[in-house]
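In terms of our numbering, the sequence shown has 783 at position 24, counting the first letter as 1, and numbering is strictly consecutive.
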Amino acid sequence: DHHIDDQKDVNSPQVKVVDKRHYILSQIPSLAKDLGTLSYNLDAVAAEVDAVQSSGDVNVKRRKKQLSSKLVAMMDKVDGFMKECGVESN
């Protein structure tokens, strides 16, 4: 007969993902707001990069593409953190 203690080990496979999310947010209440702010700011920077006109300059076009790719990767990572913590993304 297998018995699970009342005290949860968040690293235990028996702990549901929802419990992990609740645990993370209960330990760091500002996390939801901080991740939301970070996501918003990354989106704003991406919009600024997109607004840059390359005017046929291949170097500007290349650097713009590199920055956009890095920003998308960062945004994806933040979205993953938000999902893992149970924070709704906009």
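Ideal Cβ placement from N, Cα and C applies to all residues, glycine included.
- In the assembly as shown, V846 is a buried residue. Its beta-carbon has 16 or more other beta-carbons within 10 Å.
- Burial state of V811 is exposed, judged by a 10 Å Cβ sphere holding fewer than 16 other Cβ atoms.
- If only complete runs of 4 or more residues are kept, the region 780 to 813 shows the alpha helix (DSSP H) at 790 to 810, in order along the chain.
- A straight line joining the alpha-carbon of Q786 with that of K779 spans about 11 Å.
- The alpha-carbon separation between R822 and G839 amounts to approximately 26 Å.
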